[in-house]
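Visitor: Attaching a single structure in structure tokens format; questions to follow.
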Amino acid sequence: MKEYVSDNDINYIYFEENANDKIARTLADETGVELEVLNPLESLTDEQMDNGEDYISVMEDNLAALEKTTDIAGEEIQPEEGPQEEEHTVYNGYFEDEEVEDRSLSDYAGDWQSVYPLLEDGTLDQVFEYQSKLNQDQSPQEYKEYYETGYQTDVDEIKITDNSINFIVDGENHEYEYEYEGYEILDYEGGNRGVRYNFETQDENAGEYKYVQFSDHSITPTESSHFHIFFGGESQEDLYDQLENWPTYYPEDMTKEEIAQEMMAHE
Numbered sequence: 001m002k003e004y005v006s007d008n009d010i011n012y013i014y015f016e017e018n019a020n021d022k023i024a025r026t027l028a029d030e031t032g033v034e035l036e037v038l039n040p041l042e043s044l045t046d047e048q049m050d051n052g053e054d055y056i057s058v059m060e061d062n063l064a065a066l067e068k069t070t071d072i073a074g075e076e077i078q079p080e081e082g083p084q085e086e087e088h089t090v091y092n093g094y095f096e097d098e099e100v101e102d103r104s105l106s107d108y109a110g111d112w113q114s115v116y117p118l119l120e121d122g123t124l125d126q127v128f129e130y131q132s133k134l135n136q137d138q139s140p141q142e143y144k145e146y147y148e149t150g151y152q153t154d155v156d157e158i159k160i161t162d163n164s165i166n167f168i169v170d171g172e173n174h175e176y177e178y179e180y181e182g183y184e185i186l187d188y189e190g191g192n193r194g195v196r197y198n199f200e201t202q203d204e205n206a207g208e209y210k211y212v213q214f215s216d217h218s219i220t221p222t223e224s225s226h227f228h229i230f231f232g233g234e235s236q237e238d239l240y241d242q243l244e245n246w247p248t249y250y251p252e253d254m255t256k257e258e259i260a261q262e263m264m265a266h267e
């Protein structure tokens, strides 16, 4: 590591606030470079929030620290050898057909809350501002309008077991038993892909909840941390065309702030 720092003309070493900095400080002492702190966006401390800090102010502090490196000319940094994070690639929709596996309804079991109310009450405004500053392609308002279309739903809560889904609308329960019907791989215009996991109920009273599809950025059996859901009464095929509206759900026991943090951590 010492040779890597020297060979690449590195002037600053960054470490996360709240993390053990022993290794970073030792390396800085051995190489004669300076230390800078980066605050993890996914875990604001109570002390930081009490001091009036939020995700945007923390991001701006991080950018100021990083500019000490990016604004200084130096040798081109060579990537370290080693395996890349496959999960990150899959999360963004890049995978091969043979990597996709069947999944069961139990992957989505739990009590879930819609994030649409969080958009409406302004909780997610800081997320849209962060996305705008990070990507520099749209204004915060444009991001908000995009996600308003995506998140819009009247289903406030969803409760899922190994074989049933309960859609709760204004306190009214719509609960039916479902069977797995396979998956469909969708190719998007941006070059990435998505997988819809399909479920169907035989209950004649299900109406618009007869066909259900889940998408959660995973393509193998795993417990979902959040998901997008699509449902309708016509057919699974009709739902494949639903690309603008993707109601999104996070665990019911997560606070608004935790959900916002989680969203920003995945940007």
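Take 1 as the starting number for the sequence shown in the working numbering and just add one per residue. Every residue, glycine too, gets a C-beta built ideally from N, C-alpha and C.
#1: Under the rule that 16 or more other beta-carbon atoms within 10 Å means buried, what is residue 266, buried or exposed?
#2: Give me, in chain order, the residues of the same chain whose beta-carbon lies closer than 8 Å to that of residue 162; leave out the 5 immediate sequence neighbours on both sides.
#3: DSSP puts residue 113 in a beta bridge; with which residues?
#4: Have a look at 141, 247, 240, 179 and flag the residue whose alpha-carbon is nearest the alpha-carbon of residue 193.
#5: In or out: residue 220 buried (at least 16 other Cβ within 10 Å) or exposed?
#6: In whole angstroms, what separates the C-alpha of residue 229 from that of residue 165?
#7: So, under 8 Å CB-CB, residue 260 and residue 126 are touching, yes? Tell me the CB distance rounded to an integer number of Å.
#8: Cα-Cα, which of 123, 136, 190, 155 is closest to residue 209?
#9: Taking its Cβ as the centre, do 16 or more other Cβ atoms sit within 10 Å of residue 121, making it buried, or is it exposed?
#10: Can you list, in chain order, the residues of its chain with a C-beta nearer than 7 Å to that of residue 92? Leave out the 5 residues immediately preceding and following it.
#11: Per DSSP, what kind of secondary structure is residue 233 in: helix, strand or coil?
Guide: Here's the rundown:
#1: So residue 266 counts as exposed.
#2: Excluding its 5 nearest sequence neighbours in each direction, residue 162 has C-beta neighbours in its own chain below 8 Å: 104, 105, 106, 109, listed in chain order.
#3: DSSP, once it has assigned bridges, lists 157, 250 as partnering residue 113.
#4: Ranking the options by Cα distance to residue 193, first place goes to 240.
#5: Residue 220 comes out exposed.
#6: The straight-line gap from Cα to Cα measures roughly 12 Å.
#7: Residue 260 to residue 126, Cβ: 6 Å. Contact.
#8: Considering only alpha carbons, the answer is 155.
#9: By the beta-carbon neighbour count (other beta carbons within 10 angstroms, threshold 16), residue 121 is exposed.
#10: Contacts found: 192.
#11: In the three-state reduction of the DSSP assignment, residue 233 falls in the coil class, being assigned neither a helical nor a strand state.
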